[in-house]
Amino acid sequence: MAEVETHRITAAQRPRPLSPHLGIYRPMLTMLMSIAHRFTGAALYFGMMLLAWWLIAAAAGPNAYANVEWFTGSVFGRLVLFGYTWALMHHMLGGIRHLIWDTGRGFEPAEREMLAVATLAGSILLTLVLWVIGYLAMGGPR
Amino acid sequence: MSSPTQMRTPMRRVRGSGAAHSGTALFWHQRVTSVAGVPLNIALVVIVVALLGRSHAAVVQILGSPLVAVIMLLFIINTTYHMWIGMQEIILDYVHEEKLKFLSLMGNTFFSFAVGFASAFAVLKLSFGV
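Protein chains in written order, with our numbering: chain A, 443 to 584; chain B, 4 to 133.
1. Using a threshold of 8 Å, state whether the C-beta atoms of A501(A) and K102(B) are closer than that.
2. Among L521(A), T452(A), Q455(A) and H540(A), which has the Cα closest to the Cα of Q33(B)?
3. Using a Cβ-Cβ cut-off of 6 Å (strictly less than) and excluding sequence neighbours within five positions of W496(A), which residues of its own chain qualify?
4. Is the beta carbon of Y507(A) sitting closer than 8 Å to the one on A494(A)?
5. Which class does V571(A) belong to by DSSP, given the choice of helix, strand or coil?
6. Is there at least one Cβ from chain A nearer than 8 Å to M144(B)'s Cβ?
7. Checking contacts by CB at 8 Å: is G56(B) closer than that to chain A?
8. With 8 Å set as the bound, which would you pick, yes or no: does the beta-carbon of E538(A) sit closer than that to a beta-carbon of chain B?
9. Excluding sequence positions up to five away, which residues of its chain have a Cβ less than 6 Å from the Cβ of M443(A)?
10. My guess is that M475(A) and G525(A) are in contact by the Cβ rule of under 8 Å, so how many angstroms apart are they, rounded?
11. Would you kindly check if the distance between the Cβ of V62(B) and the Cβ of L54(B) is under 8 Å?
12. Pull out every residue of the segment 37-48 of chain B whose Cβ sits closer than 9 Å to any Cβ of chain A, in chain order.
This is the structure:
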């Protein structure tokens, strides 16, 4: 009898019903854009180290600055900067989208979808335009 | 006066503190810094593009000029605060273990201050040319 009682599960121990979380939903564009906003924010957070490095190197002198130039001129550095540019543009446009929502507008299904597409397309377009301008400013790829 | 369903005392409601004890201050500050962030972001991109491929001497001169330095400082201060709030939000969402949570929150503050202060100091040094 005692053994049975110790194995009896009380109501408090029984697994409680949980509300559905991310896992049960089919991935949607608006959901992916929400995740992308947070992801790009976190990436930019650490990317601020690049800005700090660039500024400190400029303040430190030509030798330190040459190290930054070596990095930004390398293939890896260019890839990082390209990703940084996209993250910055995406987070900026995503932020504007959030500010629109903060005014209570743009919550209809079609509007949400349009804003998500605009954020994604706009960030890619702005990134490409900026890099074309950047290469033109430097007088072609090098 | 207050109905039985009202959970908060009138003083609590006047202070607007809510369950977080600090009200919606950080939520609001995140919006303010995001609004400010849009023009500052565009200005930063313009400055960086204008500096591409220039010599160290030219970069130092341009970054140190008053208008550019002020824009850079505004960007740094605004971004540092914005990213500090944002990372705190991420930590509070995902880190539930008490010790790790407090260490992460502390680390967030240290990192944000260090990056922001280092960047701001560099701009000031470039500007004052010491």
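C-beta: ideal position from N, C-alpha, C; glycine also.
Well, looking at it:
1. Locating residue 501(A) in the first sequence gives position 59, where the first residue counts as 1. Locating residue 102(B) in the second sequence gives position 99, where the first residue counts as 1. No, the pair does not count as a contact, with Cβ atoms beyond the cut-off.
2. Residue numbering aside, residue 33(B) sits at position 30 when the second sequence is read from its first letter. Between Q33(B) and the set L521(A), T452(A), Q455(A) and H540(A), the nearest pair of CA atoms involves H540(A).
3. Reading the first sequence from its first residue, position 54 is the one you call residue 496(A). Setting aside the 5 residues that flank it on each side, W496(A) is surrounded in the same chain by V510, each with a C-beta closer than 6 Å to its C-beta; the list follows chain order.
4. By one-based count along the first sequence, residue 507(A) stands at place 65. By one-based count along the first sequence, residue 494(A) stands at place 52. Not a contact, by the Cβ cut-off of 8 Å.
5. Position 129 of the first sequence, counted from the start, is the residue given in the question as residue 571(A). Assignment of V571(A) by DSSP, reduced to helix, strand and coil, places it in the helix class.
6. This structure leaves residue 144(B) out entirely; chain B is present only between 4 and 133.
7. Sequence index remark: in the second sequence, residue 56(B) carries index 53 (1-based). So, interface residue.
8. Start at 1 with the first residue of the first sequence, and residue 538(A) comes out as number 96. Looking at the sequence itself, residue 538(A) is Ile, so the reference to Glu does not match. Closer than 8 Å: yes.
9. For the purposes of this step, residue 443(A) is identified with residue 1 of the first sequence, where counting begins at 1. Because the pLDDT of M443(A) is 46, which lies under 50, any placement of that residue in the model is unreliable, and the question is left without a value.
10. Taking the first sequence and counting its residues from 1, the one referred to as residue 475(A) is at position 33. Taking the first sequence and counting its residues from 1, the one referred to as residue 525(A) is at position 83. With a contact defined as Cβ atoms closer than 8 Å, M475(A) and G525(A) miss out at about 17 Å.
11. As a working mapping, residue 54(B) is identified with position 51 in the second sequence. As a working mapping, residue 62(B) is identified with position 59 in the second sequence. At a Cβ-Cβ threshold of 8 Å, L54(B) and V62(B) count as neighbours.
12. Answer in chain order: S37, V38, G40, V41, N44, I45, L47 and V48.
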